[in-house]
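Below: the structure, in C-alpha cells.
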Amino acid sequence: MTARTTHGAGLPYVIAPDERTAEGLARLALEHPNIKFISLVAVDLGGNETDERIPIPHSTKEAAALLDGGVQTDGSSVVLPGIATLNNAKVDLFADREARWYVDYNEENIDEETGLPVGTVMIPAFLRHGHQWVDSRSVLKRAETVVSRRLMELLNEHPRVARALGIRPNQVERVLLTTATELEFWVRTPGSRVEVERLAVSQALQEQYWKPTKGPVRTGLERSLELLARYGLEPEMGHKEVGGVDARVSGSGTIDVMEQMEIDWRFSTALQAADNELLARTMIDRVFASLGLEVTFQAKPIEGVAGNGEHTHISMAVRLKDGRTVNLFSPPRMEQDFLSEIGWGAIMGLLKHWEAVGAFVTCSTDAFNRLKPGFEAPVCAVAAFGHNVGLPSRNRSVLAGLVRDLSNPLATRFEVRAPNPHTNSYLAIAAMYLAMLDGIEYALASGRSSKDLERECSKAAGEPAAYLRPERAYRSEADVFEHYTQEERDRLFGKPPATVHETLQNLAAYPERDRLFCRDGVFTPAIIESYSLAMRAKWRLELSQRIIPANAEIVRACRRLHGEDADALDEQRWEAIQALRLELMKDTLDRRSLFTRIREAIAAEDDAETSRLQLEMNQKMQELQARYREYARNLVDLAPAEIGTGVVEVHQLLPAGLTVSP
C-alpha cells in the first residue's frame, strides 16, 4: 500500500490516517526516496514550534523506536520556565499519531536521484518532562477530552435539554468542539516607503477592502490557497483587508507593495484547528517570500492603521450514530430564540471568566497595541447577539458576536475577536472552552429556559444575577466605541488590562483560576506559572531591547527644522517638542529620563512600576509625534522628504511593540 495523499497521484502532501504508523513511515521512505527527514513539531508554552531534521527510518523497527521512544531535547531549546530547569532539563518529544501528518517540501533542495524537492514528514508532537505532558498541544488535547466527556454527562443528566435539541444521548457517537480561525497579515516589498497618513486615509476611505489583487500579491494569494488545499485545510476565501495602499511602480521599475490580506479555511476540531493555523502561517510566509515579498503576522505592525486579527470561531456539536450532526448552540426553533440553553451558558461562561481567559489570548505589547478603540478591535468583555431574533446582525465592536443563519442551524457559533496571529491558540482555545463549560454547567443546573438565560445575559449593570457579576453588563447591540465613553465602558464592562503585567496579574489573582483551568488536569498550576514566567520575561526583554531602542530612534528623528525666518509659533512648538524629547530620553545630573527609569524598573523586577512607566511612555511618544507633525506642517519652505524618517513614513514593518501614530 502506498502513502496516500488528499489529492491523488503525485507528491504526497498529507499522510492518510492508517499510514501514520511505523510500517507506513518505513514504506513512505522506500516509495518516495526524495522524502528524507522527519520533524517532530511540538509547541512550547511560549507558542514556539520545534523543528529538527531526523533522517527518515527505512525499517519498521527503526520507525517504531522513533515514534514510541521519543526524541530527547532539553529545557534550553523550549520555553518551559520553572518546569525544565537547569538541574532538571530533560524533555522528550513524542509523536501524535492522531494528528494530521504532512510532508513539507524544500523547493531549494532538489534530490539528485529523483529530481524532486527534498521532503520532511512533519509530525505534530507533545513534550514530556518527567511523567508530565507540559506543552501547549497537550493542554488543548486534554481540554477537548474533558469538555467533550462532561458535555456527554450533561446531556445524560438533563434529558429535557437533549430532547429539545433532538438528541438521544445513547445515539451520540461523538462530541465535536468545532473551531476555525481567520488569519490576517500585512504584505510588503522589502524596503518600501509608504506614508502612515496615506495608509490611514486609504483605510478611512475603504479603498482596499475586498478590492482586486494584482501582480505578485494576487499570485501569492492564489498560490497560498492552492498550497493550503493540498495540505487538507480546505481554504474558503482569500481577500484584501482594509489596510494598505495601491501598489506603485518604483523608479527602478519594481512594484512597491504595502497591503493587508486575509485567508480563511474550514472548521476543524479544536486541536486540528490550532495545528492548521501553525501550518498556514508557515506556508503563507514561504509563498510570498518566493515572490520577493515580506509577510508580517504582528498584531499591530503599524500604529494608526489596521492591525492583524485572528478572529476565532467557536462552536459545539454532536455527531449521531445515524450520521447527523446537531449544533448544541442552536435553539430548537431558530425563529424564536437566539440560542439554546447550552449556547447561552457557553457565552455567559466566556464573558464571566474573560478576565482570566484573556491572559492566554492577549499577552504581549504588540497585542495590546492592537486592542484600542477605533479599529474594530475588541476592548470590552461584552457580547452582541442581534437586534432581534429574526434578523442576524454582526456587531464588530464587541469581544464576542453571535454568528447565525436562520436557514442553517449548523452555522451557529461565536466569533471571538480578541485573538491575533501570534496568540498561542492552543492555550487560548483550551481556556475558552473551559470557561464555556463552566457556564453551561450553571445554565443546565439552573433549569432556566433559553428566554430566562437571555434575560440574565442581557441584564443592566447593577442588576442582581445568579451567575454573572451584578455590577457588570454583558450585552450591547450598539457600537461600544461610539455609544459609550471610556469611563462608561470601564464601569459597565470592566476596565480592561493595558499591559502584559496587568493581564498576568488578573490571571494570578483570579479567585476561580485553578477550579476553572485545572479541572481534571487540563492546565496545572505549574503550567500556568510557567506560562506567566515566560510571558513576563518576553515582555521585559522586548521592552528594554526592542521597544525603547525603536522609540529612541523616533525621538532622534524629531529634529529642529526651522531656520532664522521662523516665527514665534514655530519656536514655541519646537520648544514643547524638545522638552518631550529630553523627558523621554536624556539623563542629567539631577534627573533620569523616562527610558532610563523603565530600564531600572525592569532590572529591579518591579513589574508594577514598569507597567505604569510603559503606559506613560506610550502616551508621551504619541504626544511627541502629534506635536512634531503639527510643527513640520507649518514650515512653508520645507520639502516633505526633510520632515524626518520614522515618524511620517513607514520604512519597514515595525518591531513588536513600537508605536508610530499617523
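Just so we're aligned, residue 0 is where the sequence shown starts under numbering that gives the first Met the number 0, counting upward by one. All C-beta atoms, glycine included, are put in the ideal place defined by N, C-alpha and C. Since we're looking at a predicted model, the values are computed, not measured.
Is residue i buried or exposed, if buried means 16 or more other CB atoms sit within 10 Å of its CB?
i    : result
A640 : The predicted model places A640 with a pLDDT of 46, which falls under 50 and marks its position as unreliable, so this point remains unresolved.
V241 : buried
T4   : Confidence is the limiting factor: at T4 the pLDDT is only 35, short of 50, which leaves the residue's position unreliable, though a coordinate-based value still follows. Looking at its Cβ environment, which holds 16 or more other Cβ atoms inside 10 Å, T4 is buried.
A316 : buried
G9   : exposed
S147 : buried
D336 : buried
Q131 : exposed
T178 : buried
S396 : buried
G389 : exposed
S137 : buried
D17  : exposed
Q259 : buried
G165 : exposed
G46  : buried
G493 : buried
L175 : buried
E455 : buried
P330 : buried
N108 : exposed
H500 : buried
Relative to the C-alpha of residue i, which candidate in the options has its C-alpha closest?
i    : options                : result
E235 : E181, I283, V286, L270 : E181
R628 : R514, G400, R572       : R572
L150 : L436, A83, L270, A28   : L436
A88  : R127, S58, D50         : R127
N86  : E354, G74, I341, F93   : G74
R447 : M584, K140, H157       : H157
G662 : D636, I55, V42, A525   : With the chain covering 0 to 661 only, the question about residue 662 has no answer from this structure.
K351 : V479, S58, A472        : A472
P32  : D110, V171, A63        : D110
Q621 : I553, T324, A380, P11  : I553
For the beta strand (DSSP E) containing residue i, name the first residue and the last one.
i    : result
F676 : Not covered by the structure: residue 676. The range shown for the chain is 0 to 661.
A94  : 89-94
M315 : 311-319
K35  : 34-40
T212 : Counting along the chain, T212 falls outside any beta strand (DSSP E), and DSSP gives it neither H nor E.
P364 : Note that residue 364 is Thr in the sequence shown here, rather than Pro. Taken as a continuous stretch (DSSP letters only), T364 belongs to no beta strand (DSSP E), being part of the alpha helix (DSSP H) at 364-369.
T324 : 324-326
With respect to 7 Å, is the separation between the Cβ of residue i and the closest non-hydrogen atom of the ligand HEM below this value?
i    : result
L338 : Ligands in the displayed structure: none, and consequently the ligand HEM is not present.
Excluding the five sequence neighbours on either side, which residues of its own chain have a C-beta within less than 7 Å of the C-beta of residue i, listed in chain order?
i    : result
D103 : G118, T119, M121
F296 : F184, R280, N307, P420, H421
M431 : I313, L349, V356, V415
T502 : G357, A358, T361, C362, P496
R99  : V13, G231, Q271, D274
E106 : P116
S529 : L44, L79, P80, G81, I82
F516 : A430, L433, F522, I527
P469 : G461, E462, P463
L92  : L39, A41, T49, G69, V70, T72, A124, L126
S223 : G237, I262, M282, I283, V286
Can you list, in chain order, the residues of its chain with a C-beta nearer than 6 Å to that of residue i? Leave out the 5 residues immediately preceding and following it.
i    : result
V145 : D519, V521
H6   : Caution applies to H6, whose pLDDT of 34 falls short of 50 and renders its modelled position unreliable; the model cannot decide the point.
V402 : R412, E414
T311 : T180, V415, P418
Taking only beta-carbon positions, decide if residue i is within less than 8 Å of chain D.
i    : result
H352 : Note that chain D does not occur in the displayed structure, where there is just one protein chain.
Give every residue of the same chain whose Cβ lies closer than 8 Å to the Cβ of residue i, excluding the five residues on either side of it in the sequence, and list them in chain order.
i    : result
V294 : F184, W185, V186, I283, D284, F287, A288
I597 : L542, S543, I547, T609, L612, Q613, M616
P168 : M151, L154, N155, P158, A161
I53  : F36, I37, S38, L39, L65, V70
E334 : V388, G389, L405
K619 : L579, E582, L583, L593
R626 : R572, A575, I576, L579
Could you spell out the range, first to last residue, of the alpha helix (DSSP H) harbouring residue i?
i    : result
S569 : Correcting the residue type first, residue 569 is Asp in the shown sequence and not Ser. Unbroken alpha helix (DSSP H) run through D569: 567-584.
T59  : 59-68
V554 : 547-556
L44  : Careful: L44 lies outside any alpha helix (DSSP H) and carries neither H nor E.
M620 : 606-632
A380 : That residue, A380, is in no alpha helix (DSSP H); it is neither H nor E in DSSP.
K351 : 340-351
Ranges of the alpha helix (DSSP H) found wholly within the stretch 453-534, counting only runs of at least 4: Counting whole runs of 4 or more residues, the stretch 453-534 contains the alpha helix (DSSP H) stretches 479-482, 485-492, 499-508, 512-516.
Restricting to runs no shorter than 3 residues, where is the beta strand (DSSP E) found entirely within the stretch 404-432? 407-415
Length-filtered (3 minimum) beta strand (DSSP E) runs lying within the stretch 80-156: 89-94, 100-109, 116-128
For a minimum of 4 consecutive residues, which ranges assigned as the alpha helix (DSSP H) are wholly contained in the stretch 228-296? 269-289
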